[in-house]
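Inspection log for the structure reproduced underneath, given as structure tokens.
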Amino acid sequence: MIQKSAFFSIASLIFAVSIYAQETSKKTMEITPPKAEKIAKELMAHDDIRIDNYYWLNNPEDEKVINYLKEENEYYESMTAHTKKFKEDLFEEMKARIKEDDESVPYKLNGYYYITRYVTGKDYPIYTRKKGSLDAEEEILFDVNEMAKGHSYYNLTGLNVSEDNTLISFGVDTLSRRKYDIFIKNLKTGEIYPERIPLTTGSATWGSDNKTLFYTRKDEKTLRADRIYRHTLGTDPIADELVFTEDDDTFNTYVYKTKSKKFIVIGSYSTLTSEFRVLRADRPTEDFKIFQPRERGLEYSISHYGNNWYVLTNKDKALNFKLMKTSEDKTSKENWEDMIPHRDDVLLEDIDIFKDYLVVSERNNGLTKLRIKKWNGKEDYYLPFDNETYTAFTTQNPEFDTKILRYGYNSLNTPASIIDFNMETKEKTVLKETEVLGGKFDKDNYETERLWATAADGTKIPMSVIYRKGIKKDGKNPTLVYGYGSYGATIDPYFSSVRLSLLDRGFIFAIAHVRGGEYMGRKWYEDGKLLKKKNTFTDFIDASKYLVEQGYTSPEHLYASGGSAGGLLMGAVINMAPHLYNGVIASVPFVDVVTTMLDDSIPLTTGEYDEWGNPNEVEYYNYMKSYSPYDNVEAKAYPNMLVTTGLHDSQVQYWEPAKWVAKLRDLKTDNNTLLLQTNMDAGHGGASGRFEALKEVAMDYAFLLDLEGIKE
């Protein structure tokens, strides 16, 4: 018989062995992140040496590089395996809110109504038209679902119909590098002609003879749009005539036809300067004439009406732009006359020209306003909007002789609407409000606010915020702050049915309208670029701090998100204030600023000098280096992070986020999650197809919700 003490000793031993076995099992099951090899690369400029240990990742042809990206993807899959079902559920939840058998509001152009529609179970659009009446027989122009078969990525763009309605040009990209082939389809016979025009922007425009096509070609290496060609229907594109070359590598060029159909226009633009050339559309074989020669800092755009040109410009130090006009035959700037003068508090963004009316899109105190003026001067009024978290914009208005203005409207809690407004009677007709399916959405369940944080320099930083009613400002609400802040691009407060998956699980969502965009006018942009770029980053941090100070959230529940230049924002913010956020999502992030801007072979680089500065000049080099996320990674704790990219991205090359993650893995001192997910089939815009893209959103949301302990 075993003594009692001996029994307990044996039991203890068995228990100890069991615990040891469990611990050993855990260790063998631990998921180890990939470790990128360090191969020191010395980079020198202005007598300054930078050591880049991960420069070798800049080679998509290297099997070692591809294997590393695949290892990171496998690590992502392993680390998020417990959320796989949740991601699938989120995807189905978001998809279920979208009306699958949907179609656009028809618009009329040159005697035809054009409609884009979707069918249940299909990812891509079907482009159709009807002649003369919406009751007429439908003519299918393109069923992209059929065209996309066999392709992991497919993008159809640039549809342009000839004036006689018999031909349509279109661009196709099957790699997501934004290198489009242009094709021509005969709309009478359905035949797609054999002529294929490669390496273009995808867009083209017809001369009035219905056989001459103008288009833009890209540089093979940099992908800069630098040449305009003239193609004659039925001829070999190899013989196409080069009509304009943009020799300045900081400029891009494009071509279009005026709404009046009278002129073909070639535009050239950089960040700070623009220039146009014009040609009568009914004389497509003649030479283009320059409108106003480029002058550095002179920006202008042109619209044609009657016998005049209308010029939206910053001439005469009009920072917020003004509207001028000049006659067809006197287009140089000394002939321009003021029509709508410059105003310090109103940004003039765009104009739409109709036979009897001029519609002006303005921005005042961050809010878009649509101003309607009658050419005869008898009327001048604004469309009324009733809140501070909305987006309004003129949309398809190709018809010239009409009193109907078509515009779009939505807000943080109001689904997108397309509205026809009779400019004479002032009656409006809501043609379509996007349906949110499922029967659970009610706009009155959500509260929206416009908040104002104070930046370190005293500037008031606006934020647009939405959350479900009833939250308590106790610092416990999970909150996602989104930001961009570059190129003067304004992120207006917009509705998203997808975002409901966060809001309905208790998240607050905020857009920080930081400097670098144009939310508060042109000066807002000027104060967030070049040697003032850091304002963008500190604005975002100060906006985040405000949400914490006001009790909306706390660092334990605060998250940040941004993509592309907004990914640069994320990278800078986590270097400057990593303690402020529990998690960060950086999508296709531009994070290796100095190296990229020193490499003029990379797409977009030379055209970006006016945005970021030219690092070949020491002042800009030093300033960029002081904030470049990759160059400023340190041995310290960072938030949980999900970084996404696309192997074929032509705008922010995949190696920037890949290098950044590798360096973060090596230096960070925390145990927080760091994930890199590379879409091996896509580029800057992510997956093609309306539902495939939702899977990427579900991936982002599952990452955030998992950090909050929300499992369903």
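Using mature numbering (1 follows the signal peptide of the UniProt record, and there is no 0), the letters of the sequence shown map in sequence onto residues -21 to -1, 1 to 691. Even glycine gets a Cβ: it sits at the ideal position worked out from N, Cα and C. Computed from a predicted structure; not experimentally measured.
Let me know the beta strand (DSSP E) ranges lying completely inside the region 564 to 645, each 3 residues or longer, listed in chain order. 619 to 625
Endpoints, beta strand (DSSP E) assigned at Arg385: 383 to 390
Tell me whether Ala60 is buried or exposed, calling it buried when 16 or more other Cβ atoms sit within 10 Å of its Cβ. exposed
Pull up the distance between the alpha-carbon of Leu482 and that of Val257, whole angstroms please. 50 Å
Ends of the alpha helix (DSSP H) at Ser57? 42 to 58
Spatial neighbours of Ser476 within its chain, please: C-beta separation below 8 Å, excluding the five flanking residues on both sides. Met73, Arg76, Ile77, Pro394, Thr413, Val415, Phe420
Which residue from Lys422, Asn401, Ser390 puts its Cα closest to that of Asp471? Ser390
Runs of beta strand (DSSP E) wholly within the region 114 to 156 (minimum 3 residues, chain order): 118 to 122, 134 to 140, 146 to 152
Can you say whether Ser306 is buried or exposed, counting buried as having 16 or more other CB atoms within 10 angstroms of its CB? exposed
Grouping DSSP H, G and I as helix and E and B as strand, with all else coil, what is Tyr525? helix
Within 10 Å of its beta-carbon, does Arg196 have 16 or more other beta-carbons around it, so buried, or fewer, so exposed? buried
With distances taken Cα to Cα, identify the nearest neighbour of residue 692 among Tyr361, Ala539, Tyr106, Ile269. Here the chain covers residues -21 to 691 and nothing more, so residue 692 does not appear.
Any chance the CB of Glu587 is under 7 Å from a heavy atom of the ligand MN? As presented, the structure is devoid of all ligands, the ligand MN included, so that no description of it is given.
With H, G and I counted as helix, E and B as strand and the rest as coil, what does DSSP make of Tyr504? helix
Does the structure place the region 367 to 384 close enough to the region 431 to 440 that three or more beta carbon pairs sit under 8 Å? no
Run through the DSSP bridge pairs and tell me what Thr359 is partnered with. The question names Thr, but residue 359 in the sequence shown is Asp. Paired residues: Lys352.
Check this for me: beta carbons of Leu547 and Phe569, under 8 Å apart or not? yes
Between which two residues does the alpha helix (DSSP H) holding Leu673 run? 671 to 686
Count Cβ pairs between the region 48 to 57 and the region 9 to 24 that sit closer than 8 Å; are there 3 or more? yes
Cα-Cα separation, Tyr289 to Glu341: 16 Å
Helix, strand or coil, according to DSSP, for Glu691 in the structure here? coil
Just reading off the beta strand (DSSP E) that Ala183 is part of, what are its end residues? 176 to 185
How would you call Gly90, buried or exposed, if buried means at least 16 neighbouring beta carbons within 10 angstroms? exposed
By DSSP, does Phe519 sit in helix, in strand, or in coil? helix
Rounded distance between the beta-carbons of Gly345 and Met499, thought under 8 Å: 5 Å
Alpha carbon to alpha carbon, how far is Arg203 from Ala218? Give it in angstroms, no decimals. 21 Å
Following the continuous alpha helix (DSSP H) through Phe474, name the residue where it begins and the one where it ends. Element bounds for Phe474: n/a, residue is neither H nor E.
Starting from Met23, follow its DSSP beta bridges and name the residues at the other end. Ile28
Which residues bound the beta strand (DSSP E) around Val257? 253 to 259
What is the DSSP secondary structure of Glu367, reduced to helix, strand or coil? coil
What do you get for Asp41, buried or exposed, if any count of 16 or more other CB atoms within 10 angstroms of its CB means buried? exposed
Closest to Asp521 by CA distance: which of Lys502, Val567, Val460 is it? Val460
Going by beta carbon distance, what residues of the same chain come within less than 6 Å of Ser607, once the five residues before and after it are set aside? Val572, Val573
Do the CB positions of Lys508 and Glu635 come within less than 8 Å of each other? no
What first and last residue would you give for the alpha helix (DSSP H) that runs through Asp266? No alpha helix (DSSP H) contains Asp266, which DSSP labels as neither H nor E.
Within 10 Å of its beta-carbon, does Phe682 have 16 or more other beta-carbons around it, so buried, or fewer, so exposed? buried
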